[in-house]
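Take 794 as the starting number for the sequence shown in this note's numbering and just add one per residue. Heads up: the structure comes next, in structure tokens.
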Amino acid sequence: MNQPKSEQTVIIGNGDFPTHKYPKSCIKKASYIICLDGALQATLDNNIMPDIIIGDGDSISSTLKEQYAHKFLLISDQNTNDLTKAVNYCIEKGVNKIKIVAATGKREDHTLGNISLLLEYMSSVDVELVTDYGIFTPISSSTKFNSIAGQQVSIFNIDNRPITSHNLKFPLNSMILDNLWKGTLNESLGEWFTIETNGKTLVYRTFEVKNK
794 MNQPKSEQTV
804 IIGNGDFPTH
814 KYPKSCIKKA
824 SYIICLDGAL
834 QATLDNNIMP
844 DIIIGDGDSI
854 SSTLKEQYAH
864 KFLLISDQNT
874 NDLTKAVNYC
884 IEKGVNKIKI
894 VAATGKREDH
904 TLGNISLLLE
914 YMSSVDVELV
924 TDYGIFTPIS
934 SSTKFNSIAG
944 QQVSIFNIDN
954 RPITSHNLKF
964 PLNSMILDNL
974 WKGTLNESLG
984 EWFTIETNGK
994 TLVYRTFEVK
1004 NK
């Protein structure tokens, strides 16, 4: 079995399968595709053959498990979900950059859990979660983002550390975002914006640009 390549590794989750061109292009360009076991049928239905299937085996039919046994990595640890199992596999193999797709939609508790896990992964790997509407990027230090005027931006911080922004429509000046809504629905003013933080922070950028 080929090993994952750090520059183009994609994990396909067990959420809604992508329909937007950007997450679909992430899969198409990937040189190594990891599929969670519960996502295998949807992945095959979209004419995609994963390099490896990872999970605890409880979200896949016995027929598929037998048919793709040569690609299946069974990890029975019940203390982590299948997404974390796949990310840990990448880290163990020396991967330093991951894009996660199909990890939102369906049950909302799974969606919230998967998004929040980015903050756990970021200390070990460069990771982003791509949806049909935008990109979640976890950060813990000052970060400059490429953008476009009118791009919608939301910021979430889980440890009440001050946040400062540059080149956003509604400036944040050492603001404490002590509830999830407080950093939402901001807007980029140009080709870049910067978020200053030393806490666990999620930055969400939409594909959609707000019409003036």
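Yeah, the Cβ is synthetic: ideal placement off N, Cα and C, and Gly gets one too.
Beta-bridge analysis with DSSP links P931 to L995. Residues of the same chain with a CB within less than 8 Å of the CB of T904, apart from the 5 flanking positions on each side, are G808, A896, T897, G898 in chain order.
Here I932 is not near Y997, since their CB atoms are 9 Å or more apart. In the structure shown, D875 falls within a helical segment according to DSSP collapsed to helix, strand and coil.
Check the Cα spacing between D838 and each of P811, S818, D849: the tightest is with P811. As a beta-bridge residue in DSSP terms, V920 pairs with I891. About 16 Å separates the beta carbon of D870 from that of I853, a gap too long to meet the 8 Å contact definition. Taking a cut-off of 8 Å on C-beta distances, the segment 909 to 925 does not touch the segment 958 to 972, as fewer than three cross pairs fall below it.
From the listed residues V894, A835, T957, K886, the smallest Cα separation to Y815 is found for V894.
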